[in-house]
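For reference, the structure is listed below as structure tokens.
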Amino acid sequence: MSTNPFPLDKADLMKAYRTMRTIREFEERLHVEFAKGDIPGFVHLYAGEEACATGIMMHLTDVDRIASTHRGHGHCIAKGVDVHEMMAEIYGKATGACRGKGGSMHIADLAKGMMGANGILGAGAPLVCGAGLAAKFRGDGGVGITFIGDGASNQGMVLESMNLAAVWNLPVIFVVENNGYAESTSVDYATAVDSYVDRASGFGLPGVTVDGTDFFAVYEAAGEMIRRAREGGGPALLECKMVRFFGHFEGDAQTYKAKGENDYNREHRDCLKIFAARVRETGVVTAEEFAAVDQEVGALIEDAVASAKAAPLPSARDLTSDVYVAY
Amino acid sequence: MARKISMKQAINEALDLEMRRDPAVIVMGEDIVGGAGSPGEEDAWGGVLGVTKGLHAKYPGRLLDTPLSESAYIGAAIGAAACGMRPVAELMFLDFMGVCFDQILNQAAKFKYMFGGKAKTPVVIRAMVGAGFRAAAQHSQMLTPVFTHVPGLKVVCPSNAYDAKGLLIQAIRDDDPVIFCEHKNLYGHEADVPEEAYAIPFGEAAVVREGKDVTIVSYGLTVHRALEAAERLAKERIEAEVIDLRTLSPIDWDTVLESVETTGRLVVVDEANPRCSIATDVAAHVVQEAFGALKAAPQMVTAPHTPVPFSPVLEDLYIPTADAITAAVSKIAPRAMAA
Amino acid sequence: MTDQRIKPVVMPKWGLAMEEGKVTGWLKRPGDRIAVGEEIVEVETDKIAGVVEASEAGVLRRAIGEVDTVYPVKALIGVVADADVPEEEIDAYVAGYVTPSADEAGEEEAGPTYEFVETPAGRLRYARRGEGAETIVLVHGFGGDLDNWLFNIDALADKATVYALDLPGHGQSAKAMPEGGVEGLARALLGFMDALSIERAHLVGHSMGGAVSTLAANAAPGRARSLTLIGSAGLGEEINAGYIAGFVSAASRRELKPVVEQLFADPSLVSRQLVEDLLRYKRLDGVSAALEALSGAFLADGRQKTLVASSLAALDIPVLVVWGAEDRIIPAAHAEALNGRAKAEVIPGAGHMVQMEKASRVNELIGAHVTG
């Protein structure tokens, strides 16, 4: 029996791997399915960024709330939203997580503490201040976490929220997912500071930058911030530097990227490969055990796609329902 | 028991009663305690016009002064509502929607529908509306039509202290986001208001004066102008029915249509700018649904298509007057009809 | 210059809130001889329409109030005088008449003032009028309040000290409903009398208030000097359950108006303000629960289950039963239920709110009953 050098036990290591693998499989499959033309609208894929969502969400329970972005599938899966319902939603079906009324960009599950993917960049920051405030009033120890892209971090409401969270000492974490591109615009062009941590310090928030492709780096930094927030230590900012395997949205030719950039990232900066290799090395989890997870996840996604395709469409009646609780 | 109190007191009382009843009710906004962290009195202001005065002492910690960041705290109120609280956020002047509209338009208004019915966002956003305060273009607008246009929001604009208390209590108990518009020139207006809590259901207009010759539909401050006009018209033997919509979303079409079916004449008075307004909305609906009952073309009395001016002489011209309403009625209800 | 032979007919003040009223029709013409209590002129307020009755006999010499015209309270709308008073004196009286302002009118003149008293059933509102040796307590019905006696309280105050209360759950009294339905309200009525040291009183109950009064009289022998039951509940099983259900559930003006119209023989008496006042009451926290609890306690399967006729038989006090012939809530046939045990009077042209619609006749009957 090998010794476990990681801060997670074997079951949690398996859980983290399963989550990242599920996100990867979900997104890779969507890439294929979207190209077939069966999926309406547009989708933004999280492939390559799995370690960030997973490393943070491993610390959370349902009393913790997250607000996601337009690139939200990974956050949803890591927060425990049902994969079948997500897939059905992306296909616009009545059985979807939002009954086909939200689509890829608005998947939510309030019961799981998932306050919604969001088509408005940066909009989650004020919302999780509210979640943190509610947790504070309730005294349930919950935290609010907002995911912000490197682009959205330039939104006024994000900056306002950092100040508000600091002023009210809210249990809120701002997670900047810096994948280098705001749609097609480089972070070097659009953001005036080199590090988002510098920005956090401007609001009196502690901040840390980590390699977002390293699950363990994310896990440890986030764990410290979340523990501190739960204990009343207030807000913090976590910048995860990571890579986006696909374009901004499906169908993006990605001509703004360097030649060979995606190939390089898949080869050298794949968080899933890095995680699996490190864990396998120690012998805590074997290759066969990971392969078994891969197989299970493959079957899960296969089934999710098949049942989403077969699921009923919303009815005309659904057009006008659920606008109000009562009107 | 009922006694006369001002609309300002009525709003304070509604907040007080609901905070007492439900610990999930919290109140936030700029200066709503007033003096937070300052060297002087802690509860110095109680809101810029003193509406929330005294509540801080009664409910310590549940009134939150905010930094001057509408986007952040309106969003926080909405987020807290989605997480089980019942926040009442004060936007001070509704004109300030410009700096936080995303949170109202794209977040609060959309959650319920966009999330397939699973979300509930019981937030109230209170804000001052309306002209007549010599506050010029950025502190005087009647922006009710902007919010009424948005599905998922409810829009309330009381004309008196009794309605203000009952509608605000309903707004706080309501499970949907509510934009609660308080006309700043009605804060001092007094009416008989019961001491107890009571809720006025949304979508129920008040017939504040009965009449058989013409229907005047309005809300907020201009209800009083309409009543003034009706008094004058009565001297000419024209009996005007005056309907106070009270809530603009939902809106009480039945009461409006029922009245127009009796009178055959409609004048809509709206302090908002004329295009795509409550006035055009009501007039269009009545034309579509009760065309056969109309004896004359509906008239609209609104502010002009201009920003709100500063100089008192100009601002007084801006707000619909009893004269303008009387003139609009006279145009479609000639004195001869009274014979 | 006060000529005792000339008597003004003025715009009445019905209730605390009334400031003006509209003359809607003259029932007498100038020259007509008028007896005390006769109806002279119809007046409409924003709350209710009513009739001005002659307080003194004479000849109607002037009908000043123009139809469809609004006059302030106490404004001169007519003149009654003996036939031998010269025309010039009448003209001089009219010319010299000054309408007293609301401030000038004394407290007593200004209509019933409302007071509150703490009782075991909570804080109850009441009005008190008159200084007579006898005491009358007026008890309203389901969903009603002391203003149901608007046209009675002043008239009866000439003969007795008159109290009208809001029962628990009603009007401006505490909204918590005592246990035990109508029996609970009967205990609350006795508690009210205790709190105001009313040892014995003539109980006058309308509708459910009739059952309340009967049960109170029965529970505390000796406290009731007489009973007057107007359109009373408890004398038979039939009742318009649709009315009760409609009253409890109606949340809007459009829902409530047709329900309330059933109370009157003449539905046009139901004004916008009357409906608005009822809605204001119904919206208060606790009222829905109180009304639901109460209707649940006295109705079963659409019929009355609190029957008091048998307990009346055992009571050794005078009983008067009054009904509106066109009562659409509780059938007028119930007036005969007591079968000789009580004096029964069925008044034509009136509905369930007979004490409002035919106030002068009802006042006359109550007056005779309590003094007789």
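Chains as they are written, first to last, in this note's numbering: chain A, 8 to 334; chain B, 581 to 919; chain C, -7 to 364.
Backbone N, C-alpha and C define an ideal beta-carbon position, used for all residues, glycine too.
**Message:** What does the alpha-carbon distance come out to for the pair GLU101 of chain C and LYS151 of chain C?
**Reply:** Bear in mind that the predicted position of GLU101 of chain C carries a pLDDT of just 48, short of 50, making it unreliable; the figure below should be weighed with that in mind. Distance between the alpha carbons of GLU101 of chain C and LYS151 of chain C is about 17 Å.
**Item:** Helix, strand or coil at GLU838 of chain B [DSSP, three-state]
**Value:** helix
**Request:** Compare the C-beta of GLY332 of chain C with all C-beta atoms of chain B and state if any pair is closer than 7 Å.
**Result:** no
**Asked** When burial is assigned at 16 or more other CB atoms within 10 Å of the CB, is HIS132 of chain C buried or exposed?
**Response** buried
**Prompt:** Apart from the five residues on each side of it in sequence, which residues of its chain come closer than 7 Å, Cβ to Cβ, to LYS875 of chain B?
**Reply:** GLY844, ARG845
**Prompt:** At what residues does the alpha helix (DSSP H) containing GLU12 of chain C begin and finish?
**Reply:** Taken as a continuous stretch (DSSP letters only), GLU12 of chain C belongs to no alpha helix (DSSP H), being part of the beta strand (DSSP E) at 12 to 18.
**Asked** What residue from B:LYS734, B:GLY791, B:PHE676, B:MET880 has the CA that sits closest to THR827 of chain B's CA?
**Response** B:LYS734
**Request:** On a CA-only basis, which of C:GLY173, C:ARG53, C:GLY294 is nearest ALA281 of chain C? Give me that one, please.
**Result:** C:GLY173
**Request:** Identify, in the order they occur along the chain, each residue of the same chain with its Cβ nearer than 6 Å to the Cβ of GLU762 of chain B, setting aside the five sequence neighbours on each side.
**Result:** MET708
**Item:** Exposure label - TYR273 of chain C; buried when at least 16 CB within 10 Å
**Value:** buried
**Request:** Can you have a look at ARG28 of chain A and say buried or exposed, based on whether 16 or more other CB atoms are within 10 angstroms of its CB?
**Result:** buried
**Message:** Quick check on PRO137 of chain A - is its C-beta less than 7 Å from some C-beta in chain B?
**Reply:** One point to set straight first is that residue 137 of chain A is Gly, not Pro, in the sequence displayed. With 7 Å as the cut-off, GLY137 of chain A counts as an interface residue toward chain B.
**Message:** On the DSSP bridge list, what partners appear for GLY197 of chain C?
**Reply:** C:VAL131, C:LEU221
**Item:** ASP269 of chain C, enclosing alpha helix (DSSP H) - first and last residue
**Value:** 264 to 275
**Cβ-Cβ distance between VAL286 of chain A and LEU20 of chain A below 7 Å** = yes
**Request:** Please state if the CB of CYS737 of chain B and the CB of TYR778 of chain B are separated by a distance shorter than 7 Å.
**Result:** no
**Prompt:** Counting along the chain, where does the beta strand (DSSP E) carrying GLY114 of chain C start and finish?
**Reply:** 114 to 121
**Asked** Any idea what DSSP makes of SER193 of chain A, helix, strand or coil?
**Response** strand
**Request:** With 7 Å as the threshold, decide whether the Cβ of MET164 of chain A is near any Cβ in chain B.
**Result:** yes
**Message:** If distances are taken between C-alpha atoms only, which option among C:GLU30, C:ALA27, C:ASN355 comes closest to VAL196 of chain C?
**Reply:** C:ASN355
**Request:** On the DSSP bridge assignment, give the partners of ARG920 of chain B in chain order.
**Result:** Outside the shown range of chain B (581 to 919) lies residue 920 of chain B, about which nothing can therefore be said.
**Request:** Using a Cβ-Cβ cut-off of 7 Å, state whether ASP277 of chain C counts as contacting chain B.
**Result:** yes
**Message:** Can you pull the chain C neighbours of VAL533 of chain B, defined as C-beta to C-beta under 9 Å?
**Reply:** What is shown of chain B runs 581 to 919, which leaves residue 533 of chain B out entirely.
**Asked** Excluding the five sequence neighbours on either side, which residues of its own chain have a C-beta within less than 6 Å of the C-beta of MET64 of chain A, listed in chain order?
**Response** ALA85, LYS86
**Request:** Please confirm if the segment 158 to 177 of chain C is in contact with the segment 288 to 300 of chain C, defined as three or more CB-CB distances below 8 Å between the two stretches.
**Result:** yes
**Item:** Interface flag, PRO781 of chain B vs chain C, CB-CB below 7 Å
**Value:** yes
**Message:** So that I know if they touch, is there some Cβ in chain B lying closer than 7 Å to that of ILE152 of chain A?
**Reply:** no
**Message:** Run through chain B and tell me which residues come within less than 8 Å of CYS105 of chain A, C-beta to C-beta.
**Reply:** MET694, PHE695, GLY696, LYS698
**Prompt:** Since CYS136 of chain A and GLY697 of chain B are thought to touch, with beta carbons under 8 Å apart, how far apart are those beta carbons, to the nearest angstrom?
**Reply:** Not confirmed; about 25 Å, so no contact.
**Asked** Taking the C-alpha atoms as reference points, what is the distance between ALA75 of chain C and VAL51 of chain C?
**Response** 6 Å
**Contacts of CYS987 of chain B in chain A (Cβ-Cβ under 7 Å)** = Because chain B in this structure spans residues 581 to 919, residue 987 of chain B falls outside the shown range and cannot be described.
**Asked** Nearest CA to the CA of GLY234 of chain C: which residue from C:LYS297, C:PRO250, C:TYR106?
**Response** C:PRO250
**Request:** Let me know the secondary structure DSSP gives ALA102 of chain C once reduced to three states.
**Result:** In this predicted model, ALA102 of chain C has a pLDDT of only 47, less than 50, meaning its place in the structure is not dependable; the value taken from the coordinates is given anyway. Reduced to three states, the DSSP call for ALA102 of chain C is coil.
**Message:** Less than 6 Å between C-beta atoms, sequence neighbours within five positions excluded: which residues of the same chain meet that for ARG25 of chain A?
**Reply:** VAL300
**Request:** Quickly, what does DSSP pair ARG25 of chain C with across the bridge? List them, please.
**Result:** C:VAL51
**Request:** Leaving out five residues on either side along the sequence, give the residues of the same chain with a beta carbon under 6 Å from the beta carbon of ALA97 of chain C.
**Result:** Because the pLDDT at ALA97 of chain C is just 47, under 50, the model does not fix this residue reliably, and the value given afterwards should be weighed accordingly. Hits under 6 Å: none found.
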